[in-house]
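Letter by letter, the sequence shown follows residues 1 to 335 in our numbering.
Don't be surprised by glycine CBs; every beta carbon is placed ideally from N, CA and C.
Just so you know, these numbers come straight off a predicted model, no measurement behind them.
Notes to accompany the following structure.
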Amino acid sequence: MTRVIHDSGDDMQKEALDLVSSDVNFPKGHFPDYRIGPNNQIIDPEETHEAVPLKEIVAKETAQLLEQHKRLSVRDLKEKFEKGLSGASKLSEEAKRREAASLDRQVLLKKLRDVLDTLKGRVAGRNRDDAEEAISLVEALAVQLTQREGELIYEKAEVKKLANFLKQATEDARKVAEEERALALAEIEKARAAIEKVEKAWRVHDFASSSREKAEIEELRKEVREARRIKMLHQPSKVMDMEFELQALRTLISEKTQLCNQLKKELAMIKRLEDDSSGLFELEGSNTLGSQLCIIPRVDGASNITNCPIQWYRVISGGTRELISGTLSVKWHAD
C-alpha cells in the first residue's frame, strides 16, 4: 500500500510547476517572419535590419532545433498531466479508504477502553494495575490515531488541490495545443497562398517578357529587311561596289593569312636549325692568355663551317657581349 506523507503534495506540485515552466515555452502566437536577403541570407526583421552572416544564422537555428528536440512537446506534457491526474485520483481514493479505516479504529478503541474500564471496576490488586496500564496504552494509541487523522485530512486537502491544479493544467495544455495547431495551419495556408501567388506572377511575367522580346526581334528583322530593300532600290550600283570591295577584302585577308602561316613555318624552321647548330658544335681549348680556341664538330656528319662567316664575341660581367674585331675564322688566339 502506498504511504502518503505530509510533504508529498508540495513536492508533486513543485514538480508539476517546474515541468510547466521549463518544458513549455510559447513566446509567440505565430511562426517567425523570416525573409531572404542578399546572398541568400535569412534576416529576422524584429532583431535588426543589418545583414547577419549565414554561418551565425545556421549555428543559431541548429541550437534552436536541438533545444526543441530536447524539450517536451505539448502532447507529451498533456499525457504527463493526465498521468498525474490519474495518480492524484488514486491517492484520493486511498485517502478515503484510510479515513474510513481510521474511523473504524476509533470505534474499536472506544469499545476497548469501555471494556477495560468495566474490567478495572471488577478486578483488584495486580490485575487492576494491568488494566490501568492497558487503559493508558489505549489512550496513547487514541492520541496517535487522532494525530494521524489530522495528517490524513491535510493530505486529502493537498491531494485534492493538486488534482484540481493538474486538471486545470491539462485543460490549459489542451487549449494551447489546439491554438498552436490552428496557428500552424493558418501559417501553412498563408505560405502556400503566397507561393502560389508568386509562381503565378512569375509565370505571367516570364510569358509577357518572352512574348515582348519575340515581337521586338521580329519587328527589328522586318525593319532590317525593309531597309535593305529600300537601299537596293535606290543605290543598286553602290551596293554592288560594296559587295565587290568585301570580296576583295576577304581575298586579301586570305592571302595575308597564308603568308602569315608561311612566315610562322619559316621562323620555326630557323629556330629549330639554330637549336640544332648549337648542339652540333663545341669549343676546344682554354680561355687563358696565349691559348687558342677552336670550333669543332661534336658529332659525325656535322656540316662544314669553314667557309661560313663567323664572328667571335667576348662575354663580360652582366651578360653583355663585346665584339672581337678581326676574328672571322673558326680559330681564335687569346691575347
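Q.
Tell me which residue opens and which closes the beta strand (DSSP E) that Val330 is part of.
A. Stepping through the sequence shown from its first residue, residue 330 is reached at position 330. Looking at the DSSP string, Val330 is not in any beta strand (DSSP E), and its letter there is neither H nor E.
Q) Under a Cβ-count criterion, where at least 16 other Cβ atoms within 10 Å of its own Cβ denotes burial, should Leu166 be classed as buried or exposed? A) Taking the sequence shown and counting its residues from 1, one reaches residue 166 at position 166. Leu166 sits buried, since 16 or more C-beta atoms from the chains shown fall within 10 Å of its C-beta.
Q. The ligand SAH heavy atoms versus the CB of His333: any closer than 8 Å?
A. The model depicted lacks the ligand SAH and carries no ligand whatsoever.
Q | Per-residue DSSP class, three states only, for Ile316 | A | Mapped onto the sequence shown, residue 316 falls at position 316. Coil.
**Q.** Cβ neighbours of Ile295 in the same chain (closer than 6 Å, five flanking residues each side left out)
**A.** Taking the sequence shown and counting its residues from 1, the one referred to as residue 295 is at position 295. For Ile295, where only same-chain residues beyond five positions count, the Cβ hits under 6 Å are Phe281, Val330.
(Q) Just to confirm the assignment, what range does the beta strand (DSSP E) spanning Cys294 have? (A) The sequence position of residue 294 within the sequence shown is 294, counting from 1. Start and end: 292-297.
(Q) On the CB-based measure, 16 or more other CB atoms within 10 Å of its CB, does Lys156 come out buried or exposed? (A) As a position in the sequence shown, residue 156 is number 156, starting the count at 1. So Lys156 ends up on the buried side.
(Q) Using only CA atoms, which one of Ala193, Val138, Glu94 lies nearest to Val115? (A) On the sequence shown, residue 115 is found 115 positions in, with the first residue counted as 1. Answer by Cα proximity: Val138.
Q.
Taking 6 Å as the limit between beta carbons, can you name the residues of its chain near Glu284, skipping five residues before and five after?
A. Looking up residue 284 in the sequence shown gives position 284. Within the same chain, Glu284 has close Cβ partners Cys294, Ile296.
(Q) On the criterion of 16 or more Cβ atoms from any shown chain inside 10 Å, does Leu185 qualify as buried, or is it exposed? (A) Against the sequence shown, residue 185 aligns to sequence position 185. Exposed is the call here.
Q: Would you kindly work out how many angstroms separate the C-alpha atoms of Ile324 and Asn307, rounded to a whole number?
A: What you label residue 324 is simply residue 324 of the sequence shown in a count that begins at 1. What you label residue 307 is simply residue 307 of the sequence shown in a count that begins at 1. When rounded, the distance between both Cα atoms is 19 Å.
Q) Taking the alpha-carbon positions, what's the Ala193 to Arg229 distance? A) Mapped onto the sequence shown, residue 193 falls at position 193. Mapped onto the sequence shown, residue 229 falls at position 229. Their Cα atoms are separated by approximately 54 Å.
Q. Whose C-beta lies closer than 8 Å to the C-beta of Asp117 among residues of the same chain, with five residues either side of it excluded?
A. Sequence index remark: in the sequence shown, residue 117 carries index 117 (1-based). Shown here for Asp117: same chain residues with a beta carbon closer than 8 Å to its own, the five before and five after excluded, namely Ile135 in chain order.
Q.
Please report the straight-line C-alpha distance between Val159 and Glu171, rounded to a whole angstrom.
A. Within the sequence shown, the letter at position 159 stands for residue 159. Within the sequence shown, the letter at position 171 stands for residue 171. Going from the Cα of Val159 to the Cα of Glu171 covers about 18 Å.
Q: Would you mind sorting Ala201 into buried or exposed? The rule is 16 or more other CB atoms within 10 Å of its CB.
A: To locate residue 201, count along the sequence shown from 1; it is residue 201. Label assigned to Ala201: exposed.
Q. Does the Cβ of Ala140 have 16 or more other Cβ atoms within 10 Å, making it buried, or fewer, making it exposed?
A. On the sequence shown, residue 140 is found 140 positions in, with the first residue counted as 1. Result: exposed.
Q.
Going by beta-carbon coordinates alone, are Lys110 and Ala142 separated by less than 9 Å?
A. Sequence index remark: in the sequence shown, residue 110 carries index 110 (1-based). Sequence index remark: in the sequence shown, residue 142 carries index 142 (1-based). Closer than 9 Å, so yes.
Q | Whole-angstrom distance between Ile305 and Lys314, CA atom to CA atom | A | Along the sequence shown, read from residue 1 onward, the residue named residue 314 stands at position 314. Along the sequence shown, read from residue 1 onward, the residue named residue 305 stands at position 305. Contrary to the premise, residue 314 reads as Arg rather than Lys in this sequence. Approximately 20 Å between the Cα atoms of the pair.
Q: Whole angstroms is fine: what's the gap from Leu246's alpha carbon to Arg212's?
A: For the purposes of this step, residue 246 is taken as residue 246 along the sequence shown, with counting starting at 1. For the purposes of this step, residue 212 is taken as residue 212 along the sequence shown, with counting starting at 1. Leu246 and Arg212 have their C-alpha atoms spaced approximately 35 Å apart.
Q. Out of Ile195, Ala208, Glu93, which has the shortest C-alpha to C-alpha gap to Ala163?
A. Taking the sequence shown and counting its residues from 1, the one referred to as residue 163 is at position 163. The candidate whose alpha carbon is nearest that of Ala163 is Glu93.
Q | Candidates Gln147, Ser86, Glu178, His333, of which the one nearest Ser286 by Cα | A | Locating residue 286 in the sequence shown gives position 286, where the first residue counts as 1. Minimum Cα distance to Ser286 is reached at His333.
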